Amino acid sequence: MMPTTDASAPFVSVIMANYNGARHLAEAIRSVLCQSHSHLELIFSDDASSDDSVQIATDFAAVDSRVKVLIAESNSGPARARNRAIAVAKGDWIAIVDSDDILHPDRFLHLLNGAAREQADIVADELMYFHDGPQSPTTLMFSGKYADAPFSVTAELFVRCNSGEADLPNLGYLKPIIRSSVVSSLRYDETLKIGEDYDFLLRAILSGAAFVVFPIPSYFYRRHSQSISHRLSAAAIAAMIANHDYQQQNIVKQLPDLERSLVARRRSLEAGLRFANLVDAVKQRKIVQGMRLIGANPQLLFRLGNSFVERLTKAKVASSVGAGPSITEIELLDETADNVGDVSIGRPRRLAPIRPFEVGFNYLSRTDWRELANIGTDGGLTVIARGPNAVYAAGYIRAKRLVADDFESSKCHV
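Residue numbers for the sequence shown follow this note's numbering, so the first one is 4 and each next one is one higher.
And the structure:
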């Protein structure tokens, strides 16, 4: 897709909070700067990192004037880091991107088009979860009816989706693009180290903003041991409960129909707090305390056992992924492209016309997304893309050298 340089196009302020994210930072920044919708600024807000994060961001700023670097004197959490960036943002839209994640090259273009078509104030896409290791398979967030078509998110649905209810996606993890007019009256709750996204989005919805989600994964969410969102400590959950109670008092007065969903969410948080306390007791070898917790809540034993089994299952699945032959080159081409010769892995793969976010959902299947995302994670793959649909599909192959008919498409896909 050719980069969009039209100054009349919506201007996007990308907010990237960071703390010691040097390992993945360059990849995250590059995925923002290489967006086909290039009318943007990237505000990098560092939270007093002790690694090379600031130097990496500064190096990008030296060669791309769209990058702005903010440096904090002391570590205060992602909420405050984002608030600092929002305070200086100039965009028509605010996009939240984490410093260890990756974007599909056409993400902003398609989400902004979708927002215009749906007259939405907040838009988000599905998350594609991936891992650091090349042997861990990617997974998608949505299933069932939520994977079938775009859907609107009401306050009631948003709370339910963050209450641990079965078969509902956890929408609090989404990384939205929000109109600046909505954000102007909002800031992140700086008392929260985890769950600040949920709190911020719920308040945005309650302010009357129209929120639409498109179930196409163009945000690649990295899962790794250092991720803050995967370290749910008892203290962090206790802060989330305090925030929830404050919200509930105010929300129920305005929207009494939300009370049942809010009560369910608090129960889910309480269960999470009990489990976090048990995990802490096990790690610290406090046997008596752990037994007391299990005695008061026997279901914790089953949850602990399920967590252990889940870890073993993931390890077993990961060890079996990537066992096939080594791939060095793959060719993708539109259905209408001329026939070309075979490449190293056999016949070229033909792609039907791709129309992201349009009615009818005539695009890559969910199986296609996962298959492409699991290819070439070590960077040793050459992808030959012939035609705009093929270039779009190549955006799901994260580590690669792209050779495309259109040079402008190729140069940022490396």
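We treat Cβ as the ideally placed atom computed from N, Cα and C, and that holds for glycine.
All values derive from a computational prediction rather than experimental measurement.
C-beta atoms of residue i and residue j nearer than 8 Å
i, j, result
"A95", "S41", "Note that residue 95 corresponds to Asp in the displayed sequence, not to Ala. Taking 8 Å as the Cβ cut-off, D95 and S41 do not qualify as a contacting pair."
"D248", "E159", "no"
"F145", "L205", "no"
"V386", "A397", "yes"
"E121", "P153", "yes"
"N173", "S102", "no"
"L276", "I240", "yes"
"S79", "E199", "no"
"N86", "Y191", "yes"
"L43", "M19", "no"
"F47", "G117", "no"
"S188", "S210", "yes"
"H107", "Y399", "yes"
"D62", "S56", "no"
Residue i - DSSP class collapsed to helix/strand/coil
i, result
"Y149", "helix"
"L114", "helix"
"M243", "helix"
"D54", "coil"
"K178", "coil"
"M19", "strand"
"S133", "Contrary to the premise, residue 133 reads as Phe rather than Ser in this sequence. In the structure shown, F133 sits in a strand (DSSP, three-state: E or B)."
"D192", "coil"
"V291", "helix"
"A212", "coil"
"D128", "strand"
"I378", "coil"
"L258", "coil"
"V406", "strand"
"I348", "At I348, the pLDDT of 42 sits below 50, so the modelled position is not reliable; the number obtained from the coordinates is stated separately. Three-state result, I348: coil."
"S271", "helix"
"D248", "helix"
"H40", "strand"
"E76", "coil"
"K93", "coil"
"F154", "strand"
Buried versus exposed, by CB contacts within 10 Å (16 or more), residue i
i, result
"N392", "buried"
"V15", "buried"
"A326", "With a pLDDT of 44 at A326, under the threshold of 50, the predicted position of this residue should be treated as unreliable, though the coordinate-derived value follows. Label assigned to A326: exposed."
"I99", "buried"
"S221", "buried"
"I290", "exposed"
"S77", "exposed"
"T141", "buried"
"R295", "exposed"
"S68", "exposed"
"V185", "buried"
"R288", "exposed"
"A119", "exposed"
Given residue i as reference, the closest of the options once Cα atoms are compared
i, options, result
"A64", "I89, R87, R33", "R33"
"A284", "N253, A237, E30, A127", "A237"
"L115", "N253, V215, Q250, Q292", "V215"
"S264", "Q250, L130, L276", "Q250"
"V70", "L276, A31, P108", "A31"
"H134", "A123, Y224, S48, E334", "Y224"
"A90", "V17, G167, R401, L336", "V17"
"N300", "K286, A279, Q287, P172", "A279"
"R369", "M131, A98, I97", "M131"
"V394", "N21, N23, S39", "S39"
"Y149", "C164, L336, K289", "C164"
"I254", "I208, L272, D54, A118", "I208"
"E262", "N23, G117, S166, N86", "S166"
"A245", "Y222, D202, Q292", "D202"
"A29", "D200, D151, Q58", "Q58"
"L336", "L405, E199, R277", "L405"
"L105", "R83, V35, K93", "The sequence given here places Ile at residue 105; Leu does not occur at that position. Ranking the options by Cα distance to I105, first place goes to V35."
"D54", "Q287, G24, I333, A213", "G24"
"R268", "S188, Q302, L171", "L171"
"A127", "V185, Y399, K178, I297", "K178"
"R389", "E334, L195, L367", "E334"
"L195", "M19, A242, F217, E332", "A242"
"G147", "V156, A169, T157", "A169"
"A92", "H107, L73, L367", "L73"
"S271", "S56, A119, L303, I297", "L303"
Nearest-angstrom beta carbon gap, residue j and residue i [assumed within contact, 8 Å]
i, j, result
"A51", "A75", "5 Å"
"I197", "I125", "No, I197 and I125 are not in contact; Cβ-Cβ is about 21 Å, not under 8 Å."
"L143", "R401", "No, L143 and R401 are not in contact; Cβ-Cβ is about 15 Å, not under 8 Å."
"A213", "A123", "5 Å"
"L367", "T331", "About 23 Å separates the two Cβ atoms, so there is no contact after all."
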